[in-house]
Structure formats: C-alpha cells, structure tokens
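Everything on this sheet refers to the single structure shown next.
Number of protein chains: 2
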Amino acid sequence: MSRRILLLSSSTVSGSGGYLDYAEEEIGRFLGDARRVLFVPFALADHEGYAQRVRERLGRMSYQVEGLHHASDARVALKNAEAIFIGGGNTFRLLKGLYNLDLLETVRARVEAGVPYLGSSAGSNVAAPTIRTTNDMPIVQPPSFDALGLVPFQINPHYLDADPNSTHMGETREERILQFLEENTTPVLGLREGAWVRVEGTECRLGGKSGARWFCRGQSPVELENGATLHS
Amino acid sequence: MSRRILLLSSSTVSGSGGYLDYAEEEIGRFLGDARRVLFVPFALADHEGYAQRVRERLGRMSYQVEGLHHASDARVALKNAEAIFIGGGNTFRLLKGLYNLDLLETVRARVEAGVPYLGSSAGSNVAAPTIRTTNDMPIVQPPSFDALGLVPFQINPHYLDADPNSTHMGETREERILQFLEENTTPVLGLREGAWVRVEGTECRLGGKSGARWFCRGQSPVELENGATLHS
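As structure tokens, then:
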C-alpha cells in the first residue's frame, strides 16, 4: 500500500483562527474516506482533556475520535485504526510514552500498510528518524532519541527566522540546527508555522503558506516554497 | 573545605561588551588566589578554538588557562586543577563529553574539596541535578540526563520572559518549565541573561543585574532580585 503522511509544523497559526483551523481543508483532503481517527495524546500531561479537545475539533469535520489512552491494548487499537493522529506538546514525553508501550514498530507497520499518519509539532518530530531537532525541553528521558523514521530527514517544527532586533544572546534556531549538523549527517527541514509536509507514496511535498528552510551538512541553507519536492 | 561555585546565565549580555565582560569583576573576586584555570571546551565542536578564546580573555585578567582537551589524562588534570571553568554551547554535547571520559564523579569530588567551579550557560546547566531544563537541541544522546548536582535546584539559563507581542505559537519558556514540573519535583531557577548564582559554603545567593524567576511545583512563580538567598 501507498504511504500517506501529513506533518504539520504547528496546530495553530497566529491570525488564522483556533485549533487546526488553518489546516482544516488539507486535513480533510488528507484523511479522505477514513471516518475514525485514533488520537495519541501522550505529548501533554492531561490525556483525557487533550483527547476531548481533538474529539470536539475533528467531530466538527465529522470524524469520530478515539483516544489511545483509553485502549485496553494499545497495539490492537493501532492495528484497527483507520487513521492515526499524534498531537503536539513535549516531544520527549511523547516519545517516552511510545517506548513505554512499545508502539514504535506497530505505528511504522501501520503506516507502511497505508494507514494515514497525521502529526502536529511533537507528532511531526517523532515521524523523523530521531527527535534530535526538537525545540522542546528534555523534561523526561526516553530510552533512545530514535523515533519512527517515516521520512528520511529531520524536522524542526515552529521554525523561526532570526530576529535582527533581538537582544537575546541564546542561540538562534539556525545556529542550533547547524550544531546538529556538526554531529549528524541527516538533513533538516526547518518548517515554519503554517507549513506542512505531505507524503503520498513516493512523492513528498511542502505545503501551506509559510515555506521552510532546508539544511544540509556543508551547504548553505536553502529556502523552499509551497509545492517544493522533498526527498522521500 | 568550603564549596565555591559561580554559575552564569550567559557569557555575554546585550549592550555590556564582549565575552565575559559583564561578569569580569565577579569572576575575579570569585577565582581569588587561583592563578591556573582548567577549561572544559566540550560544549562546542571546536575545542581548541574555544580554549584559545578563553585563554585570551582570562589571560587579560592574568589567569593561565589550560584546555582539558589537551590533557593526556583528564582525571589527573582535574585533580591538579586550581579552578575549573565549564563553558557554554550545547548542553547535550557537553554532558556526553563528560560521560565519555567518566569525569562527573571527579568534578564533584574536586568541588567538594573546595576547588572553585565556574560555569556559563551549558556549564551552569550541568551543575544542576539534571539537564532537563536546558534550552538546547538534543543533537547527541548522553547516556543519562543526570548531571553534577552541585546545587539542589534546576537551572534554566538565558531565561526569557514571554513577549506579549509575539505571534509565535511555540511554548513560552515559562510553559516549558511548568511542563518540567508536571513530570519532576525539583524547583527550577529561571536565570535571566546578566544574572548569576554564587555558592560560598552553605550560602547560595543570586547576583547580577537582571534577576531570576523561581518555579516550584504547585506554586506560582516568584520573582527574585539581586542578593536573594537560594536553597543550597
């Protein structure tokens, strides 16, 4: 079956309404015929509160949402899923939750079998080979930084261009990504809020309004615009 | 012997000159009679370039700087050190470097023996019980997030107050620290650029011009000013 993946930089965009509003049309096109969505709330502490928010939001689009935290057997729930949505929050907490229940291989297998995978922010980070380009604080320690590897490049969600007027002395996002490339060879997609990556089989394209930056070791960063093809 | 520790939020402060300039007087008072400083450059990729910068800067204050990366036996070098300076950069890379050479216990023992410990940014992060409140990208994976534990609280260097005009949807620093407190019980000191922590024996005080925020689980954050006493 053809792999189908939609990775959002963020769940909201400034000036573009509430939760998932800016991406509603794209999500509807992406999920297609699926009517039930299995939601993974592990990136936030309040699983049920998070699942209720998603249930309400996707309910307005006529999807039925189940929370993975309710499943008596999470792997069985994944095997029965028509679509998988992993929401944002803290990437370390999310990945640790997936490891705790030993779910990574099952998610990978479902995506290989053609089940649509929707990720937002932390849920996009874990779709990369590792979480080594997350912006999140390492509040808990997962057994490994290795993640799902659904795409062959790293993702930096909420990518932020340097502010020339800033007086802050901490590293810019670009500096942090260049530090990653000092230690690793996997390219990094810096995905601005409002942008997304969509995989349909062997095709992988940038979507949304805000574009992205592509970072490869030893090369200058490249600006990518809506519709650009990525290596998949 | 009395423990002596100086932890800087950052190595530079906007509008206050170059590398370590804003803290020059405090560093001079802190290092006291020590004439030789052992510098740990592991947080940046270019160890020798980093050591040269520190050698030049502290040389202007008449200190002699040795780089730990030059030592044939790092533990022997630490045992002979008159003072230890761990510089900033990437906290994960720094901690992995310390674990690779099995240096954490040796550094702890030297600090207990009264050797002054100077840290900046990542070098302040690793002085805390864990690196779970670093801002850095997890570009490499250390075997553990557990760090030196020279102070009994977590440090968040480069602490940044939320910008009410920001359109960015990523978490604010406060939100990230509150997520840490959902998962951990250790208090967190959010140390603004320009502020530092100084430990002299059983006394631990906030110094510098910019103050800090103190975060405890289940309590509202508290503003701390220069001279405030911290638990040590």
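Line order of the protein sequences matches chains L and S.
Anchor point for the first sequence: position 170 equals 169 in numbering that gives the first Met the number 0, and the numbering is continuous, going up by one each time.
Anchor point for the second sequence: position 225 equals 224 in numbering that gives the first Met the number 0, and the numbering is continuous, going up by one each time.
Backbone N, C-alpha and C fix where the C-beta goes; we use that ideal spot for every residue, glycine too.
Determine the burial state of residue i: buried for a count of at least 16 other Cβ atoms within 10 Å of its Cβ, exposed for fewer.
i	result
Ala-112 of chain L	exposed
Asn-164 of chain L	exposed
Ala-161 of chain S	exposed
Ser-10 of chain S	buried
Met-60 of chain S	exposed
Gly-58 of chain S	exposed
Pro-151 of chain L	exposed
Ala-50 of chain S	buried
Ser-123 of chain L	buried
His-230 of chain L	exposed
Asp-45 of chain L	exposed
His-157 of chain L	buried
Asp-101 of chain L	exposed
Arg-52 of chain L	buried
Please return the same chain residues whose Cβ sits closer than 6 Å to the Cβ of residue i, not counting the five positions on each side in sequence.
i	result
Pro-220 of chain S	Arg-212, Phe-214
Gln-153 of chain L	Ala-127, Thr-132, Thr-185, Val-187
Thr-261 of chain L	The structure shown does not extend to residue 261 of chain L, since chain L spans only 0 to 231, so no value can be given for it.
Gly-88 of chain S	Ala-42, Leu-43, Ala-121
Ser-71 of chain S	none
Phe-144 of chain S	Thr-129, Ile-130, Arg-131
Ala-159 of chain S	Before going further, note that residue 159 of chain S is Leu rather than Ala in the sequence given. Taken in chain order, the residues that qualify are Arg-172.
Arg-109 of chain L	Leu-77
Val-64 of chain S	Val-36, Phe-38, Val-53, Arg-54, Leu-57
Lys-208 of chain S	Gly-193
Against chain S, with Cβ distances strictly below 8 Å, would residue i count as a contact?
i	result
Val-12 of chain L	yes
Asn-164 of chain L	no
Asn-281 of chain L	No information on residue 281 of chain L is available, as it lies outside the stretch 0 to 231 that chain L covers here.
Ser-9 of chain L	yes
Ile-130 of chain L	yes
Gln-153 of chain L	no
Phe-179 of chain L	yes
Gly-118 of chain L	no
His-230 of chain L	no
Gly-169 of chain L	yes
Arg-56 of chain L	no
Gln-140 of chain L	yes
Asn-89 of chain L	yes
Phe-144 of chain L	yes
Arg-197 of chain L	no
Arg-92 of chain L	yes
Checking contacts by CB at 8 Å: is residue i closer than that to chain L?
i	result
Val-39 of chain S	no
Met-136 of chain S	yes
His-69 of chain S	no
Glu-173 of chain S	no
Leu-159 of chain S	yes
Thr-133 of chain S	yes
Ala-50 of chain S	no
His-46 of chain S	no
Arg-191 of chain S	no
Gln-218 of chain S	no
Phe-214 of chain S	no
Starting from the C-beta of residue i, find all residues in its chain whose C-beta is less than 8 Å away, skip the five residues before and the five after it, and write them out in chain order.
i	result
Val-125 of chain S	Ile-85, Thr-90, Leu-93, Leu-94, Leu-97, Gly-118, Ala-146, Leu-147
Gln-218 of chain S	none
Gly-48 of chain L	none
Gly-27 of chain S	Met-60
His-68 of chain L	Pro-40, Phe-41, His-46, Glu-47, Ala-50
His-167 of chain L	none
Arg-107 of chain L	Leu-147, Gly-148, Leu-149
My guess is that residue i and residue j are in contact by the Cβ rule of under 8 Å, so how many angstroms apart are they, rounded?
i	j	result
Arg-191 of chain L	Gly-210 of chain L	6 Å
Pro-137 of chain L	Ile-130 of chain S	7 Å
Gly-66 of chain L	Phe-38 of chain L	5 Å
Pro-115 of chain L	Leu-30 of chain L	6 Å
Val-139 of chain S	Glu-182 of chain L	5 Å
Tyr-62 of chain S	Gly-193 of chain S	About 22 Å; that fails the 8 Å criterion.
Arg-204 of chain S	Gly-226 of chain S	6 Å
Within the same chain, show all residues whose beta-carbon is closer than 7 Å to that of residue i, passing over the 5 residues directly before and after it, in chain order.
i	result
Ser-1 of chain L	Gly-113, Glu-199, Gly-200
Pro-141 of chain S	Phe-91, Leu-94, Lys-95, Tyr-98
Ala-33 of chain S	Glu-81, Ala-82, Pro-115
Arg-216 of chain S	Leu-180, Thr-184
Leu-103 of chain L	Leu-97, Leu-147
Ile-176 of chain L	Thr-132, Asn-155, Val-187, Gly-189, Phe-214
Leu-19 of chain S	Ser-10, Ile-26, Arg-56
Any heavy atom of the ligand GDP inside 7 Å of the beta-carbon of residue i?
i	result
Ala-50 of chain S	The ligand GDP is absent from the structure shown, which contains no ligand whatsoever.
Item to complete: Could you tell me whether the segment 0-8 of chain S touches the segment 117-126 of chain S, where touching means 3 or more Cβ pairs closer than 8 Å?
Response: Yes, the segment 0-8 of chain S touches the segment 117-126 of chain S.
Practice prompt. Taking 8 Å as the threshold, find out whether the segment 167-179 of chain S comes into contact with the segment 194-206 of chain S through three or more Cβ pairs.
Written response: As far as the Cβ criterion goes, the segment 167-179 of chain S does not touch the segment 194-206 of chain S, which means the pair count is below three.
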